[in-house]
Amino acid sequence: MAILETDDVSIRFGGVQALTDVSFAVEKAEIVGILGPNGAGKTTFFNCINGFYSPSAGRVHLHGEDVTDLKPEERAKRGLGRTFQQVGLVRSFTVIENLIVAQHKSVKYGLVAGLVGAPWVLEEEAELRRRALEVLDFMDLTEHKHSPVQGLPYGVLKMVEVAAVLATDPEILMLDEPLAGTGPEEGQAFCNRLKDMRRELGLTIVMIEHHVPLVLGTSDYVYVLNFGSLLAEGEPDEIRGNADVAEAYMGEGATTLD
Amino acid sequence: MTTTDQPTETHEQVEPPVAFEADEADWRPSREGVIARLVALGALVVVIVAIPHLVDDVYVNLVSRVAVYGIVALSMNVLVGYAGQVSLGHAAFFGVGAFGSAYGLAEMDVPWPAAVVLAAITGAVGAIVLGAVALRLQGLYLALVTISYGLFAERTMFNIRSLTGGGAGQEAPRPSFFESDVQYAYLCLGFLALALLFDWRLVSSRSGRSIQALRDDERVAASWGVNVTGYKLLAFIISGVLAGIAGALFASINQVAVAPDFGFSLSLTFLVMTVVGGIGNRWGVVLGGALFAVLPTLLDRAHENFHFFPFSIIEATWEPAIGALLLLLTLISFPGGLAQQLGPVLGWLQFRKFAVDHGDAGPATAGGGMGARP
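Protein chains in written order, with my numbering: chain V, 5 to 262; chain D, -16 to 357.
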């Protein structure tokens, strides 16, 4: 059974039909790429999946459960983590503080215990800090742990954001253009890291990215959106040879993506 | 002076050396440094504890007032600094607490501690009503609603004769063990200490962090599993409880609560003192509160004692103008307020280096500044 599934999702903003009957399914521990030109509706699709938008029609299923009517935080509690196109971090906090807040849903102590400062609260806080350092170490970001978020270079921020989402302990990681602002070598290193995450943490990954060769080289399965509807889907090799996709991306007359 | 100007901007231009940052956070003072700090902190505590005895008899109530304003400043800080909401009607929570306590004391004959609890509850209820609106509005519109809420409280709620005693006000006697001015000042200082402790715990636990996270970005907070609605409302409730308790303490300073004490200009003073103190910084806002608690008396005494310009023309009624001037100076040159100006000293006292802060004051300046400008 698919871990994440959408069923004919459509959304309309006033006179603009942003998505039309988009269906997709992601299996556990799969890496799925979402391609498409600017304005194709990729981020809108993410917003429908994680609950920022309510689709005008269609359903979203998480672990087989219909979550279409749940709030974003409730979907997050069911294991859905996402990043943002514009860096999604608490900008007045330091890196490690961000990773500590991100662990919000795994904190067990209650409001009053936290305010009183019960012994188990202090213990759990130390544990949160330890886990945050662990994630930073995994992402090779230890050197930035005490840096304020404001002032870090964009590429580092994108990685800190991924680290923060990892700290939420998700089962599904949805990445919205994680490679924006990074160079080609860094891009390849990041894609290798995604494969590590899948292997070591059993993560399922859905990624929107414009860097076509990297997406095709990393994903198990690829969906291509264009003008709000699915243009093509298939394994990377099928997409690579798909003339429609090449035309949408490269302009009229193109027949392959390479 | 020049180095501390415009913290956020300089920070974006000059990238901090990363290794240096990490060292900074792990830095510990030497043994001599620890001793020096302990001595300074000890002296500070001794002075604060001795203040009610040191000042002239007529100023003892002013000490209580300083403590009360400090608690209000912390209450404002939770809402404006941590949650990033605007409040131009804070005198309403304050007044609701004052009248709640006075009603309990005078009409229901409850013991003083119970009256404080009553004030906290009425403050919280007052805040929930406003909070419910705030969940649906933002920025300028929220500011307008808070103003009208404050005016409604001042003109309507506080004039219901059966609850507030109308023009004569409602009596609010002091508790039996703290009847003298000096004793009562200690009680108020004790409450301020508790409020500071509470604020520290709030920020170091999950609730305070989540409230700050949603201030910076509600979507990000929600995507991490933070219940945005719930925590926003929680910020209002905490703020209301603190303001309500402060109101109860305030009512018993003069032992009577009267409606004109809780007007719109008081709401403005509360916001200005929080911004001038340094939004997001608990020591800064308490200092700002203290400054604005003594300001009218200060102006009065200056007028009486210095017979030359500019003191000859300044009067206590100039307080709003002076407040506005300080607000402008703060926003232009020290967005972090007193906390930013005293940054090196405050940092040193908290066992860090005596170093000029280059704008990474964290929650203090960054988000708060925007939230404070309605």
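Think of the CB as a built atom: it goes at the ideal place given N, C-alpha and C, for glycine as much as any other residue.
Just so you know, these numbers come straight off a predicted model, no measurement behind them.
Report the option in V:G18, V:V20 and V:A29 whose CA atom is closest to the CA atom of Y225 of chain V.
-> Residue numbering aside, residue 225 of chain V sits at position 221 when the first sequence is read from its first letter. It is V:A29 whose Cα lies nearest to the Cα of Y225 of chain V.
Three-state class that DSSP yields for L325 of chain D in the structure shown = Here residue 325 of chain D refers to the residue found at position 342 when the second sequence is read from its first residue. If DSSP states are grouped into helix, strand and coil, L325 of chain D belongs with coil.
Chain-ordered neighbours of L185 of chain D on chain V, where CB pairs are closer than 7 Å = On the second sequence, position 202 is the one that residue 185 of chain D refers to. The answer, in chain order, is L119.
Taking any Cβ of chain V, which residues in the region 205 to 231 of chain D have a Cβ under 8 Å from it, in chain order?
-> A205, S206, W207, G208, V209, N210, V211 and L217
What whole-angstrom Cβ distance do S171 of chain V and V139 of chain V have, given they're in contact under 8 Å?
-> Locating residue 171 of chain V in the first sequence gives position 167, counting from the first residue. Locating residue 139 of chain V in the first sequence gives position 135, counting from the first residue. Before going on, a small fix: residue 171 of chain V reads as Ala here, not Ser. Sure, about 5 Å apart at Cβ, within 8 Å.
Over what stretch of residues does the alpha helix (DSSP H) that includes G80 of chain D continue unbroken?
-> By one-based count along the second sequence, residue 80 of chain D stands at place 97. Residues H73 to A89.
Given that a residue counts as buried once 16 or more other Cβ atoms are within 10 Å of its Cβ, and exposed if not, what is T48 of chain V?
-> What you label residue 48 of chain V is simply residue 44 of the first sequence in a count that begins at 1. Looking at its Cβ environment, which holds 16 or more other Cβ atoms inside 10 Å, T48 of chain V is buried.
Quick one: grab the DSSP three-state call for G37 of chain V.
-> On the first sequence, position 33 is the one that residue 37 of chain V refers to. Residue state, collapsed to three classes: strand.
Leaving out the 5 sequence neighbours to the left and right, which residues in its chain are closer than 6 Å to I212 of chain V when beta-carbon positions are compared?
-> Locating residue 212 of chain V in the first sequence gives position 208, where the first residue counts as 1. Excluding sequence neighbours, I212 of chain V sits near I38, K46, D180 and E181.
In or out: K162 of chain V buried (at least 16 other Cβ within 10 Å) or exposed?
-> The sequence position of residue 162 of chain V within the first sequence is 158, counting from 1. Label assigned to K162 of chain V: buried.
Between A126 of chain D and G272 of chain D, which are expected to be in contact by the criterion C-beta below 8 Å, what is the C-beta distance as a whole number of angstroms?
-> Stepping through the second sequence from its first residue, residue 126 of chain D is reached at position 143. Stepping through the second sequence from its first residue, residue 272 of chain D is reached at position 289. Between G272 of chain D and A126 of chain D the Cβ distance is about 21 Å, and since that is not below 8 Å, they are no contact.
Can you grab the Cα-Cα spacing for the pair V302 of chain V / Q195 of chain D, in whole Å?
-> Shown here, chain V extends from 5 to 262; a query on residue 302 of chain V therefore has no answer.
Exposure of V28 of chain D, with buried meaning 16 or more beta-carbon neighbours within 10 Å = For the purposes of this step, residue 28 of chain D is identified with residue 45 of the second sequence, where counting begins at 1. V28 of chain D comes out exposed.
Would you identify the three-state DSSP class for V139 of chain D, choosing helix, strand or coil?
-> Taking the second sequence and counting its residues from 1, one reaches residue 139 of chain D at position 156. This sequence places Thr at residue 139 of chain D; Val is not what is there. Reduced to three states, the DSSP call for T139 of chain D is coil.
Would you call I296 of chain D buried or exposed, if buried means 16 or more other Cβ atoms sit within 10 Å of its Cβ?
-> For the purposes of this step, residue 296 of chain D is identified with residue 313 of the second sequence, where counting begins at 1. It is exposed - the Cβ of I296 of chain D has fewer than 16 other Cβ atoms within 10 Å.
Cα-Cα separation, V224 of chain D to A19 of chain D = If you number the second sequence from 1, residue 224 of chain D lands on position 241. If you number the second sequence from 1, residue 19 of chain D lands on position 36. Taking the straight line from one Cα to the other gives about 37 Å.
With C-beta atoms as the reference, is I7 of chain V less than 8 Å away from T208 of chain V?
-> Taking the first sequence and counting its residues from 1, the one referred to as residue 7 of chain V is at position 3. Taking the first sequence and counting its residues from 1, the one referred to as residue 208 of chain V is at position 204. A contact, by the Cβ cut-off of 8 Å.
N51 of chain V - DSSP class collapsed to helix/strand/coil = Residue 51 of chain V sits at position 47 when you count from the first residue of the first sequence. N51 of chain V falls in the helix class under three-state DSSP.
In DSSP terms, what G263 of chain D is bridged to = Residue numbering aside, residue 263 of chain D sits at position 280 when the second sequence is read from its first letter. In DSSP, G263 of chain D forms no bridge with anything.
Determine the burial state of Q323 of chain D: buried for a count of at least 16 other Cβ atoms within 10 Å of its Cβ, exposed for fewer.
-> Taking the first residue of the second sequence as position 1, residue 323 of chain D is located at position 340. It counts as buried.
For A285 of chain D versus A155 of chain D, is the C-beta distance shorter than 8 Å?
-> By one-based count along the second sequence, residue 285 of chain D stands at place 302. By one-based count along the second sequence, residue 155 of chain D stands at place 172. It is not a contact, given that the beta carbons lie outside the stated cut-off.
Below-8 Å beta-carbon distance, V164 of chain V vs any chain D residue = The residue labelled residue 164 of chain V in the question sits at position 160 within the first sequence. It does not; no Cβ of chain D falls within 8 Å.
Are the CB atoms of G87 of chain D and A74 of chain D nearer to each other than 8 Å?
-> Your numbering for residue 87 of chain D matches position 104 in the second sequence. Your numbering for residue 74 of chain D matches position 91 in the second sequence. Taking 8 Å as the Cβ cut-off, G87 of chain D and A74 of chain D do not qualify as a contacting pair.
Residues sharing a beta bridge with P152 of chain V, DSSP | Start at 1 with the first residue of the first sequence, and residue 152 of chain V comes out as number 148. Answer is V:T98, bridged to P152 of chain V.
Among all the DSSP beta bridges, which residues are the ones paired with L170 of chain V?
-> Translated into positions along the first sequence, residue 170 of chain V becomes position 166. L170 of chain V is not bridged to any residue.
Chain D contacts from the region 90 to 103 of chain V (Cβ-Cβ distance under 8 Å) | G92, L93, V94, R95, S96, F97, T98 and E101
Return the chain-ordered list of same chain residues with a C-beta closer than 8 Å to the C-beta of L216 of chain D, the five sequence neighbours on each side being excluded.
-> Mapped onto the second sequence, residue 216 of chain D falls at position 233. Only I111, G114, A115 and L118 meet the Cβ criterion.
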